[in-house]
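Everything in the sequence shown is counted per my numbering, starting at 71 for the first residue and increasing by one. The next block holds one structure in the form of structure tokens; read it before the comments.
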Amino acid sequence: KGKLTRGLTVISALKELKYRGQPLPAAEYHRAATLGWCVEWLQAMFLVMDDIMDESETRRGQICWYLQPDVKMNAINDGLLLEAHIYVILQKYFGDDPVYVNLLELLHETTHQTALGQFLDLTTSEPDKVDFSRFSMEVCTEIYIYKTAFYSFYLPCALGMRLAGVTDDSLYSQAKEICKEMGCLFQVQDDYLDCYGDPERIGKVGTDIRDNKCSWLINRALKDCTPAQRKTLESNYAKKDPKCEAKVKEVYKKLDIEAKFKAYEEEAYAEIVAKIANIRGMPTTIFSQLLARIYKRDK
């Protein structure tokens, strides 16, 4: 039920970088699609594990995998199988390819980075204890970069770059910087949608407030709130009570967090557009297409 954006980005990257937007030859399409599925399986593994850790209820409009009556904690092993499958497929289709080691290292590095991001996300806040001194926009940004930006944006772009024969390290550095910015924008949007999105549209029920998440919204609220509002947030954040959640959202409303998010989105978009325009040495359409796909998204 996913959008398959990450997997399709591998195909788009190869198409734009090597063929200037023209259709890919069948063999090239197959190579890119194979790596695209590897990214999707990696994503699936992260989601299965993340939903268990967050005790989430729905994902992509369905009951979370671990909540299926015939699955339960077997979901942990399913996640391990999803990840292991990536390397079976990679060896089968790229084992004799000169880029095999590059692809292997890229997938391993990204998995490590994402696990570090998840670790930071989980340890920034205890489930039942509110400690806003642990929260900051800096910590929030680090979580976004490691937990989301590397695997959702840089990985598919870098895989496409490898298939296209790009070897210049400086181009990978430029791609990484832009992808980190896009990952941050994407995750701030996710935080916004968790609070304000339509569950029918986004496919899940938001849990960030009750899960004590170090989100962009709470950090923005803490920056602008009065001492009394801070006390309200401290008393009601991370409670498994809809009434407490409503009080947090009431403070968000008084601080006009929605408008501040929209201003942030415009500012971040303009900065990324400027960085894309400064890329030299490879076509930039892959990045502009990716940015257009997430700008002002509502799911």
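Every residue, glycine too, gets a C-beta built ideally from N, C-alpha and C.
- Message: What I want to know is whether the C-beta of threonine 104 ends up closer than 6 Å to one or more non-hydrogen atoms of the ligand ADP.
- Response: Judged by which ligands are present, the structure shown has none, so any question about the ligand ADP falls away.
- Message: One question on the structure: do valine 209 and threonine 193 come within less than 7 Å of each other, judged by their Cβ atoms?
- Response: Looking up residue 209 in the sequence shown gives position 139. Looking up residue 193 in the sequence shown gives position 123. No, they are not a contact pair.
- Does the Cβ-Cβ distance between alanine 338 and leucine 255 come in under 7 Å? Here residue 338 is taken as the residue at index 268 of the sequence shown, counted from 1. Here residue 255 is taken as the residue at index 185 of the sequence shown, counted from 1. Closer than 7 Å, so yes.
- Query: DSSP beta-bridge partners for arginine 90?
  - Reply: The sequence position of residue 90 within the sequence shown is 20, counting from 1. For arginine 90, which the question treats as bridged, DSSP gives no partner whatsoever.
- Message: Just to confirm my understanding: we take threonine 128, look at its own chain, exclude 5 residues before and 5 after, and list those with CB closer than 6 Å. What are they?
- Response: Translated into positions along the sequence shown, residue 128 becomes position 58. Excluding residues within five positions, the ones whose Cβ falls inside 6 Å are Lys274, Val275.
- In terms of residue numbering, what span does the alpha helix (DSSP H) encompassing tryptophan 107 cover? If you number the sequence shown from 1, residue 107 lands on position 37. Segment 96-124, the alpha helix (DSSP H) holding tryptophan 107.
- Identify every run of the beta strand (DSSP E) within the region 165-233, keeping only runs that are complete inside it and at least 3 residues long; order them along the chain. Within the region 165-233, no complete beta strand (DSSP E) run reaches 3 residues.
- Query: alpha helix (DSSP H) containing alanine 308: first to last residue?
  - Reply: Sequence index remark: in the sequence shown, residue 308 carries index 238 (1-based). It is not in any alpha helix (DSSP H) - alanine 308 carries neither H nor E in the DSSP assignment.
- Item | Status (buried if at least 16 other CB within 10 Å, exposed otherwise) for serine 82 | Against the sequence shown, residue 82 aligns to sequence position 12. By the 10 Å Cβ count, serine 82 comes out buried.
- Grouping DSSP H, G and I as helix and E and B as strand, with all else coil, what is threonine 128? The residue given as residue 128 occupies position 58 in the sequence shown. Of the three classes helix, strand and coil, the one that applies to threonine 128 here is strand, per DSSP.
- Message: Could you pull the DSSP bridge partners for isoleucine 133 from this structure?
- Response: Counted from its first residue, the sequence shown places residue 133 at position 63. Isoleucine 133 is bridged to Thr128.
- Task: Consult DSSP for methionine 372 and reduce its assignment to one of helix, strand or coil.
- Result: The requested residue 372 is not part of the displayed model; the chain covers only 71 to 369.
- Message: Just to confirm, is the Cβ distance from arginine 101 to leucine 229 under 7 Å?
- Response: As a first step, residue 101 is located in the sequence shown; it is residue number 31 there, counting from the start. As a first step, residue 229 is located in the sequence shown; it is residue number 159 there, counting from the start. No; because the gap between Cβ atoms is not below 7 Å, this pair is not in contact.
- Indicate whether the contact test is met: 3 or more Cβ pairs, each with one atom in the region 281-296 and one in the region 200-209, closer than 8 Å. yes
- Query: Is it true that the region 90-100 meets the region 115-122, where meeting means three or more beta-carbon pairs spaced less than 8 Å apart?
  - Reply: Segments in contact, no.
- Query: For leucine 292, which residues from the same chain have a beta carbon less than 8 Å from its beta carbon, with the 5 sequence-adjacent residues on both sides left out?
  - Reply: Here residue 292 corresponds to residue number 222 of the sequence shown, with the count starting at 1. Here the set comprises Phe202, Phe205, Arg300, Leu303.
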